[in-house]
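Residue numbers (the working numbering), protein chains in the order written: chain P, 1 to 214; chain Z, 1001 to 1214.
Each residue gets a CB set at the ideal place from its N, CA and C atoms; glycine is no exception.
Only a predicted model underlies this, so the values are computations on that prediction, with no experimental measurement involved.
One structure is given here, and the rest of the page talks about it.
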DNA sequence: CAAAGAAATGAACCCAAATTCATATCATGT
DNA sequence: ACATGATATGAATTTGGGTTCATTTCTTTG
């Protein structure tokens, strides 16, 4: 025998793997999942196409892994903010604001992470983190309701709506192109306010009227 | 000369075209844009694959046409509700409710119509109708603000958020599977309430506090 | 009914992009 | 330096599905 997988090789291997994952992130943030090809990723990582397949069994699993890496980090950040001291209202608006700020920094990537359909494995991985975000918001809403800060409501539905509002208002197809930072800030505040009021406002009398007449 | 395109043939042609468009609707409502193939559509329409190409120049244009047909109808329905007599609050909640009710009747189709990415032509067509829905909601919000019913706000952003909340809360990936009608009704009311309160609630003092501290 | 012109058919073709694999290169231990 | 085993390479292959087109079937008119 004349070979043994040494420490150094192990590191190089891990490093190459990491570079490929980073390359996915970069390519996806430029062209989205739709336009991302394995050859592009290899190019961006500085390896040959075939090398990608020595590290990952398929495009779907590679991309899913890359998404999971990023998404978990984002979930952690938002969850940390949501777990701070303070009223439920301030925690919710801070969490929403942080999510929003980070998303608009890299809109294309954010949209790909949260919504853009792709290979089945990617969709499955995304669903996990989508739910994780929703769970963070849902917990804060429940806390607020328990503390009497927010009215009784379907917390799961409200959390899903918050995600939806953020997605569509900030980074989805309806979001305005915002090359300008001050507009972006204002937009984030509008959306944060929308979400906070939605979960915190006491039901309007007019709502009941509408319900009884329709 | 020994042939002329007669009335009857013209009708048969139009009929076949219509059947193909209907078949797209059916196939998409079953497997979404992702899984919809031209061969399936042809099969569902009871014609050969090649026939599809005698009526439409490409898959993208066929699917875009089919989407436009449906979406315009939905926009008209929602717009009609939004144009009724009544307070802005009642018009908005009725419009949201109608959108929601119709969407849950055919969730897969609704999601495909409003959000699922597909061929470039389809995306382009969808954007038009997405905006059309947003415009309907935006107009009601503006009316409400002008009448002093709603507080001042970024109406365009709020309208986008309403679309997003509906999409995610009702028909998107986070929406609960709801085989049961009563749950569906309750969900629709939760989401309608969420949207109405978001646009109609007076800003909370706590919001200002949060803004000044962050 | 025969001829002429359209429309329908579906198997063959084409293309883009994922995946493979024979070959080349690199690491290790004697 | 050499032998051995592992990793990297990228051109060639495979594949899924949209599109084409030579052939068949249908309609109309003389």
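Beta-carbon neighbours of residue i, restricted to chain Z and to distances below 7 angstroms
i: residue 153(P); result: 1190
i: residue 172(P); result: 1164
Short Cβ contact (8 angstroms threshold) for residue i with residue j
i: residue 1046(Z); j: residue 1089(Z); result: no
i: residue 1195(Z); j: residue 1165(Z); result: yes
i: residue 173(P); j: residue 1116(Z); result: no
i: residue 41(P); j: residue 23(P); result: yes
i: residue 157(P); j: residue 1181(Z); result: no
i: residue 232(P); j: residue 138(P); result: Given a span of 1 to 214 for chain P in the structure shown, any question on residue 232(P) remains unanswerable.
i: residue 163(P); j: residue 133(P); result: yes
i: residue 1075(Z); j: residue 1136(Z); result: yes
i: residue 1104(Z); j: residue 1049(Z); result: no
i: residue 1175(Z); j: residue 1169(Z); result: yes
i: residue 1199(Z); j: residue 1150(Z); result: yes
i: residue 1032(Z); j: residue 1119(Z); result: no
i: residue 1077(Z); j: residue 1052(Z); result: no
Same chain only: Cβ atoms within 6 angstroms of residue i, ignoring 5 sequence neighbours per side
i: residue 1209(Z); result: Confidence at residue 1209(Z) is low in this model, with a pLDDT of 40, below 50, so the placement of that residue should be treated as unreliable; the coordinate-derived value is given next. Closer than 6 angstroms at Cβ, skipping near neighbours: no residue.
i: residue 125(P); result: 64, 67 and 68
i: residue 93(P); result: 192 and 196
i: residue 102(P); result: none
i: residue 62(P); result: 56
i: residue 1071(Z); result: 1113 and 1129
i: residue 79(P); result: 136
Any non-hydrogen atom of the ligand SAH closer than 7 angstroms to residue i Cβ
i: residue 123(P); result: In the structure shown, the ligand SAH is absent, as is every other ligand, since no ligand is present at all.
Cβ shell of residue i (< 8 angstroms), same chain only, five flanking positions each side left out
i: residue 30(P); result: 108
i: residue 123(P); result: 117
i: residue 100(P); result: 166, 170, 188, 191 and 192
i: residue 39(P); result: 49
i: residue 1207(Z); result: Residue confidence for residue 1207(Z) is low, a pLDDT of 44 falling below 50, so the modelled location carries little weight; the figure read from the coordinates is stated next. Answer for residue 1207(Z): no residue qualifies.
i: residue 16(P); result: 45, 47, 51 and 55
Host alpha helix (DSSP H) of residue i (start-end)
i: residue 61(P); result: 59 to 82
i: residue 47(P); result: Taken as a continuous stretch (DSSP letters only), residue 47(P) belongs to no alpha helix (DSSP H), as it is neither H nor E.
i: residue 1188(Z); result: 1181 to 1200
i: residue 1106(Z); result: No alpha helix (DSSP H) holds residue 1106(Z); DSSP gives it neither H nor E.
i: residue 1026(Z); result: 1007 to 1035
i: residue 129(P); result: 120 to 146
i: residue 1164(Z); result: 1155 to 1166
Status (buried if at least 16 other CB within 10 Å, exposed otherwise) for residue i
i: residue 66(P); result: buried
i: residue 1197(Z); result: buried
i: residue 192(P); result: buried
i: residue 35(P); result: exposed
i: residue 212(P); result: With a pLDDT of only 38 at residue 212(P), under the threshold of 50, the placement of this residue in the model should not be trusted; the figure read from the coordinates follows. Residue 212(P) is exposed by the Cβ-count criterion.
i: residue 202(P); result: exposed
i: residue 129(P); result: buried
i: residue 1004(Z); result: exposed
i: residue 1214(Z); result: Low confidence applies here, because residue 1214(Z) scores a pLDDT of 35, under 50, leaving its location unreliable; read the following figure in that light. With fewer than 16 other Cβ atoms within 10 Å, it is exposed.
i: residue 1025(Z); result: buried
i: residue 177(P); result: exposed
i: residue 1147(Z); result: exposed
i: residue 1215(Z); result: The structure shown does not extend to residue 1215(Z), since chain Z is modelled only from 1001 through 1214, so no value can be given for it.
i: residue 110(P); result: buried
Partners in chain P for residue i, counting only beta-carbon separations shorter than 7 angstroms
i: residue 1161(Z); result: 165, 168, 169, 191 and 194
i: residue 1138(Z); result: Those do not exist, as residue 1138(Z) stays about 10 angstroms from chain P at its closest Cβ, beyond 7 angstroms.
i: residue 1134(Z); result: 174
Close beta carbons around residue i, own chain, < 7 angstroms, minus the five adjacent residues each side
i: residue 91(P); result: 82, 84 and 140
i: residue 1167(Z); result: 1114 and 1115
i: residue 21(P); result: 65, 66 and 69
i: residue 112(P); result: 28, 32 and 33
i: residue 1087(Z); result: 1149
Chain-ordered neighbours of residue i on chain P, where CB pairs are closer than 9 angstroms
i: residue 971(Z); result: In this structure chain Z extends from 1001 to 1214, so residue 971(Z) is not present and cannot be described.
i: residue 1116(Z); result: 117
i: residue 1110(Z); result: None at all; the shortest Cβ gap to chain P is about 14 angstroms.
Residues that residue i contacts on chain Z, provided the C-beta gap is smaller than 9 angstroms
i: residue 127(P); result: 1173 and 1174
i: residue 203(P); result: 1193, 1196 and 1197
Cross-chain neighbours of residue i in chain Z, by beta carbon under 8 angstroms
i: residue 34(P); result: 1117
i: residue 131(P); result: 1174
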